[in-house]
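Peer 1: Encoded as structure tokens, here's the structure I'll be asking about.
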Amino acid sequence: MMQCNKTGLTDNEWKTILDVINVYDPNDICHVYPEMGTPEFMQEVSSTFKKVLAHCNRINDREGITLEKLNTTTLTEEFWETNHR
Numbered sequence: 055m056m057q058c059n060k061t062g063l064t065d066n067e068w069k070t071i072l073d074v075i076n077v078y079d080p081n082d083i084c085h086v087y088p089e090m091g092t093p094e095f096m097q098e099v100s101s102t103f104k105k106v107l108a109h110c111n112r113i114n115d116r117e118g119i120t121l122e123k124l125n126t127t128t129l130t131e132e133f134w135e136t137n138h139r
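Right, dumping it as structure tokens:
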């Protein structure tokens, strides 16, 4: 298993981060931390999701794992439009 020399994170840890970001729902936390439901924060979540997804796709490419690649901009916009408004 590879470990990132910049962050110290393993490939599985990167994929775990992607999973957590992917299921983030501001409605679950905004009553405790209102700032985590703001449009600005959600934009940061979306931006982070795209970057972590790209990194995980590079990991998969390196490992020879082939998954259907989706347009991350479209996927992310659709996801947030559908699930977080």
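Residue 136 in our numbering sits at position 82 of the sequence shown; the count goes up by one each step and never skips. Glycine included, C-beta positions come from ideal geometry on N, C-alpha and C.
Do you know how far the Cα of residue 57 is from the Cα of residue 10?
Peer 2: There is simply no residue 10 to check, as the chain begins at 55 and stops at 139 in what is shown.
Peer 1: Expressed to the nearest angstrom, what Euclidean distance is found between the alpha-carbon atoms of residue 104 and residue 66?
Peer 2: Translated into positions along the sequence shown, residue 104 becomes position 50. Translated into positions along the sequence shown, residue 66 becomes position 12. Cα to Cα, residue 104 sits roughly 17 Å from residue 66.
Peer 1: First and last residue of the alpha helix (DSSP H) that includes residue 97?
Peer 2: The sequence position of residue 97 within the sequence shown is 43, counting from 1. Looking at the DSSP string, the run of the alpha helix (DSSP H) that includes residue 97 is 93-117.
Peer 1: Considering only the beta carbon of each residue, do residue 68 and residue 106 sit closer than 9 Å?
Peer 2: Residue mapping note: residue 68 aligns to position 14 of the sequence shown, counting from 1. Residue mapping note: residue 106 aligns to position 52 of the sequence shown, counting from 1. Contact: yes.
Peer 1: With DSSP as the reference, label residue 70 as helix, strand or coil.
Peer 2: Here residue 70 refers to the residue found at position 16 when the sequence shown is read from its first residue. Helix.
Peer 1: How should residue 93 be labelled, buried or exposed, when 16 other C-beta atoms within 10 angstroms of its C-beta is the threshold for buried?
Peer 2: Start at 1 with the first residue of the sequence shown, and residue 93 comes out as number 39. Exposed, by the Cβ-count rule.
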